[in-house]
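Heads up, the sequence shown is in our numbering, so the first residue is 0 and it goes up one at a time. Below is one structure, written out as structure tokens; the observations come after it.
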Amino acid sequence: MSLENVLDTLALILVLIGALLCLTATIGLLRWKDVPTRLHAATKPQVLGVLLIVVAVELALRSWEALAFGIPIVLIQFATAPLAAHMVGRAAYRNRTTDEENLYIDELNHSTEQPGATHTESRPES
């Protein structure tokens, strides 16, 4: 068995694992009911799945062009997935579509004191 065959087999396995992770992200988006769990499903396995698929493509093509094309894809995924999840979570909180009864600590609600929360904000004298 040559090195090329081993790399092709590894690329195939990585594509399958990446595709399964992306599939589980899709299933999680469809099955889970509240926003925080859907955000978890949309970001964690999907980003890892895309990363594995990009690595598999690089292993299969074995070229610098594929590497130069794959690095920005991975970096953009790492940068945009957490930002998008944060913005969707904030929008869901503002629209009151989150299950507020199950929030342990509500850091966005400034009108009531939370259990165990301490406010150490101090404003400088003007």
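Think of the CB as a built atom: it goes at the ideal place given N, C-alpha and C, for glycine as much as any other residue.
Does DSSP put residue i in a helix, in a strand, or in coil?
| i | result |
| --- | --- |
| residue 12 | helix |
| residue 23 | helix |
| residue 82 | helix |
| residue 97 | coil |
| residue 92 | helix |
| residue 107 | coil |
| residue 118 | Any reading at residue 118 needs caution, since the residue's pLDDT is 49, under 50, leaving its predicted position unreliable; the model's value is listed next. Looking at residue 118 - three-state DSSP - the assignment turns out to be coil, as it is neither helix nor strand. |
| residue 32 | coil |
| residue 37 | helix |
Among the candidates the options, whose CA atom is the shortest distance from the CA of residue i?
| i | options | result |
| --- | --- | --- |
| residue 78 | 98, 30 and 46 | 46 |
| residue 88 | 71, 76, 42 and 68 | 42 |
| residue 97 | 3, 22, 31 and 5 | 31 |
| residue 92 | 62, 83, 105 and 27 | 105 |
Pull up the CB-CB distance for residue i and residue j, whole angstroms please, since I reckon it's below 8 angstroms.
| i | j | result |
| --- | --- | --- |
| residue 44 | residue 67 | Rounded, the Cβ-Cβ distance is 26 angstroms, inconsistent with contact. |
- Item | Cβ contact check for the stretch 47–64 and the stretch 8–24: 3 or more pairs under 8 angstroms | yes
- Query: Pairing CB atoms from the stretch 24–41 with CB atoms from the stretch 2–10, are three or more of them under 8 angstroms?
  - Reply: no
- Is the stretch 57–65 touching the stretch 24–36 in the sense that three or more CB pairs, one from each, lie closer than 8 angstroms? no
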